[in-house]
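So the protein lines, in turn, are chains A and B.
When we follow numbering that gives the first Met the number 0, the leftmost residue of the first sequence carries the number 0, and every step to the right adds one.
When we follow numbering that gives the first Met the number 0, the leftmost residue of the second sequence carries the number 0, and every step to the right adds one.
Number of protein chains: 2
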Amino acid sequence: MATGSKPLRADAARNRDKLLAAATRAFGEHGLDAPLEQIARSAGVSIGTLYAHFPTREAFVDAILPAQLAALDDLATKALAEPDPWQGFTGFLDGLFALQAKDHGLSDALARRLPLSPAVLEACHTGFEHAARIIDRAKESGQLRTDFEPADLAPLVSAMSQLIRESPETWRRHLAFFLDGLRA
Amino acid sequence: MATGSKPLRADAARNRDKLLAAATRAFGEHGLDAPLEQIARSAGVSIGTLYAHFPTREAFVDAILPAQLAALDDLATKALAEPDPWQGFTGFLDGLFALQAKDHGLSDALARRLPLSPAVLEACHTGFEHAARIIDRAKESGQLRTDFEPADLAPLVSAMSQLIRESPETWRRHLAFFLDGLRA
DNA sequence: ACAAAACCCGAGGGCACCCTCGACTTTGTA
DNA sequence: TACAAAGTCGAGGGTGCCCTCGGGTTTTGT
Chain A
0 MATGSKPLRA
10 DAARNRDKLL
20 AAATRAFGEH
30 GLDAPLEQIA
40 RSAGVSIGTL
50 YAHFPTREAF
60 VDAILPAQLA
70 ALDDLATKAL
80 AEPDPWQGFT
90 GFLDGLFALQ
100 AKDHGLSDAL
110 ARRLPLSPAV
120 LEACHTGFEH
130 AARIIDRAKE
140 SGQLRTDFEP
150 ADLAPLVSAM
160 SQLIRESPET
170 WRRHLAFFLD
180 GLRA
Chain B
0 MATGSKPLRA
10 DAARNRDKLL
20 AAATRAFGEH
30 GLDAPLEQIA
40 RSAGVSIGTL
50 YAHFPTREAF
60 VDAILPAQLA
70 ALDDLATKAL
80 AEPDPWQGFT
90 GFLDGLFALQ
100 AKDHGLSDAL
110 ARRLPLSPAV
120 LEACHTGFEH
130 AARIIDRAKE
140 SGQLRTDFEP
150 ADLAPLVSAM
160 SQLIRESPET
170 WRRHLAFFLD
180 GLRA
């Protein structure tokens with residue numbers, strides 16, 4: 000995961016960092032379809048330079064998303080460590096959507112609003128596998144209704160991503176309603 | 000609601016009808032932001048003619064949506080006529096989302112994805128008022144939890160509109176989970 | 001049958017975004 | 001210091017959509 004190839008020239012490394020910073024902010028704020036030209040400008044760099052570093056939007060996303068997805072993995076680990084499986088489950092969902100609320104790019108990725116690189120796709124996939132374990136554990140403990148399937152998570156994420164964008168204040172309230180419906 | 004002003008010339012009336020038909024199909028299929036040029040083409044009419052009849056997208060929507068919104072009103076009336084208030088409530092929601100599933104334009108309007116004309120906005124508003132009565136009735140009957148407010152409907156509609164677009168097959172399943180959470 | 005009114009057409013100018021490419025500048029090295 | 005390699009720049013061409021406007025066509029009334 001570290002330095003893949005040749006060392007970059009000093010100015011190139013600097014520009015790359017500025018681009019990553021700008022893109023992280025832009026993607027987080029406006030989603031993964033933020034205009035690349037604005038990102039270049041706000042990084043103080045020309046559009047040509049942007050394309051020199053990241054030839055496609057996908058490559059760009061590839062360089063940024065793994066960090067956010069790692070946070071999601073942490074969340075899953077903590078959820079599995081939680082003594083009460085139901086607490087683990089609800090805490091995981093709450094944390095997940097809080098992440099989505101802070102980072103619309105992550106939200107776009109999880110909701111599959113854009114084509115993603117195989118690498119990011121794979122990361123999402125393992126994330127969902129962790130989630131499946133959390134779900135199974137909550138079902139086994141008899142607290143989560145047994146007809147809720149891991150596959151139900153994807154649509155939920157996509158619905159919540161919409162909710163979060165529209166009313167960042169009230170998504171928890173609606174999640175709570177939904178969770179009440181999921182109790183065994 | 001009938002003929003507002005001067006009678007149209009024969010060919011103009013014909014074109015207007017073709018435009019309305021094409022737009023109804025396009026808006027229904029692709030949402031309210033369907034390209035106007037495609038609508039003109041699929042109506043067999045030039046883009047200039049389209050703009051001659053409907054100077055703005057808003058005006059266009061204005062000419063089409065009232066019909067769909069009327070269907071929504073019917074739905075509400077039937078829901079209030081239902082003997083069991085809970086049945087009325089769930090039936091209303093199911094019908095509402097089924098309408099949204101069939102007409103993405105209506106879905107866009109209800110979810111406020113685009114600026115709407117005052118007229119359509121007003122129609123949406125009265126629709127929501129009917130819904131509020133349905134909700135109150137279900138609460139009074141002791142079947143709907145009392146902390147569910149009419150204002151919660153708008154976010155629900157917007158979340159469901161997302162769900163419907165993404166997985167038209169499974170939205171009922173998730174709605175059912177949610178409704179279980181809403182039982183008193 | 002004819003003129004005036006009503007209407008239709010589609011080229012074309014804008015805009016926002018995408019992406020490329022050859023000329024120029026900076027960096028690292030000898 | 002000087003040169004080649006690495007990197008940067010931004011004008012410019014492409015796309016898709018919006019909207020307008022002047023010249024041509026059809027309808028209507030007489």
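Positions of the beta carbon are idealized from the N, C-alpha and C atoms, including for glycine.
Here the structure is a predicted model, which is why all the values come from computation and not from measurement.
- Within the DSSP bridge table, the entry for residue 143 (chain B) names B:182 as partners.
- Residue 158 (chain A): member of the alpha helix (DSSP H) spanning 152 to 165, first to last residue.
- Taken residue by residue, none of the segment 8 to 38 of chain A has a beta-carbon sitting less than 8 angstroms from a beta-carbon on chain B.
- Secondary structure within the segment 40 to 101 of chain A: the alpha helix (DSSP H) runs of 4 or more consecutive residues, fully enclosed, are 46 to 52, 56 to 80 and 84 to 101 (chain order).
- Two segments are said to touch when three or more pairs of C-beta atoms, one from each, lie closer than 8 angstroms; by this definition the segment 159 to 176 of chain A does not touch the segment 126 to 134 of chain A.
- If you draw a straight line from the Cα of residue 142 (chain A) to the Cα of residue 106 (chain B), it is about 35 angstroms long.
- At a C-beta separation below 7 angstroms, residue 177 (chain A) has these neighbours in chain B: 176, 177 and 180.
- In summary, no residue of the segment 127 to 141 of chain A has a CB separated from any CB of chain B by less than 7 angstroms.
- Cβ-Cβ separation between residue 45 (chain A) and residue 21 (chain A): approximately 13 angstroms, too far for a contact (criterion under 8 angstroms).
- Residues of the segment 157 to 168 of chain A with a C-beta atom less than 8 angstroms from some C-beta of chain B are 157, 158, 159, 160, 161, 162, 165 and 166, listed in chain order.
- For residue 81 (chain B), the closest alpha carbon among the candidates B:101, B:134, B:111 and B:151 is that of B:134.
- Under the 10 Å beta carbon count, residue 89 (chain B) is surrounded by 16 or more other beta carbons and is classified as buried.
- Only exposed fits residue 34 (chain A), as fewer than 16 other CB atoms lie within 10 angstroms of its CB.
- When Cβ pairs closer than 8 angstroms are counted between the two stretches, the segment 62 to 79 of chain A is seen not to touch the segment 145 to 161 of chain A, the count staying below three.
- Here the segment 89 to 102 of chain A does not lie against the segment 114 to 123 of chain A, with fewer than 3 beta-carbon pairs under 8 angstroms apart.
- Contact check for residue 63 (chain A) against residue 125 (chain A) fails: the beta carbons are separated by 7 angstroms or more.
- 7 angstroms or more divides the Cβ of residue 79 (chain B) from the Cβ of residue 156 (chain B).
- One thing to note: residue 158 (chain A) has its Cβ within 7 angstroms of the Cβ of residue 161 (chain B).
- At a Cβ-Cβ threshold of 7 angstroms, residue 49 (chain A) and residue 39 (chain A) count as neighbours.
- Residue environment for residue 138 (chain A): buried (at least 16 other C-beta atoms within 10 angstroms of its C-beta).
- In the structure shown, residue 149 (chain A) adopts helical secondary structure according to DSSP, grouped into three states.
- In the displayed model, residue 120 (chain A) falls within a helix according to three-state DSSP.
- Scanning its chain for C-beta atoms nearer than 7 angstroms, with the 5 sequence neighbours on each side dropped, one finds around residue 181 (chain A) the residues 143, 144 and 147, in chain order.
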